[in-house]
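Here is the structure we will look at, set down as structure tokens.
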Amino acid sequence: MGALSRPAGSWVLRARHGEHRADPGAIAAGPGPTRPDPIPVLVLARLALDRQEQGTGLGGDLLLDALIRSVAGARHYGARALVVDAIDDRAAEFYGHHGFLPLEGRRLYRRISDIARALGV
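The sequence shown begins at 2 in our numbering and counts up one residue at a time.
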């Protein structure tokens, strides 16, 4: 039996009701009174990459896969945004490079409608 290889990377999405509107226009779209509060969101709870794979483009590929699946998941769940809590400033820059906008601290978001438009779905 051959040796098991380590995964190069992975990600985890979670659904959550609980992103309150600190900035009413930031996450939710549509007229104010129809916006739910708390706003249903998906959370990219983990995007992990083996250290040997950093700088190879695999992180961007993993994020792209998570973005594609977040659009599909949001259609079933009713989520308005994908939220991520970056582990450090470097990670926050990575997400910012991929279109995420700051909420507070290292918490960033990207509207599902913007993701879908960028992906052409």
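By construction, the Cβ of each residue, glycine as well, lies at the ideal position given by its N, Cα and C atoms.
- The segment 61 to 78 and the segment 111 to 119 touch, with three or more beta-carbon pairs separated by less than 8 Å.
- Between the alpha carbons of Y96 and G79 lies a distance of about 23 Å.
- Counting along the chain, R70 sits inside no beta strand (DSSP E); it lies in the alpha helix (DSSP H) bounded by residues 59 to 78.
- Shown here, D86 sits in a strand according to DSSP, grouped into three states.
- Residue A82 holds the alpha-carbon nearest to the alpha-carbon of L104 among A82, R118, S71.
- By the C-beta criterion, the segment 11 to 19 is judged to be in contact with the segment 40 to 51, since at least 3 inter-stretch pairs fall below 8 Å.
- In the three-state DSSP reduction, A16 falls in the strand class (E or B).
- The residue among F101, G121, D90, D86 with its C-alpha nearest the C-alpha of L48 is D86.
- The continuous stretches of beta strand (DSSP E) do not include R118, which lies in the alpha helix (DSSP H) extending over residues 113 to 120.
- Rounded to the nearest angstrom, the gap between the Cα atoms of A117 and I69 is 8 Å.
- Membership of A46 in the beta strand (DSSP E) is indicated by the continuous run 40 to 50.
- According to the DSSP assignment, E105 belongs to the beta strand (DSSP E) that extends over 102 to 105.
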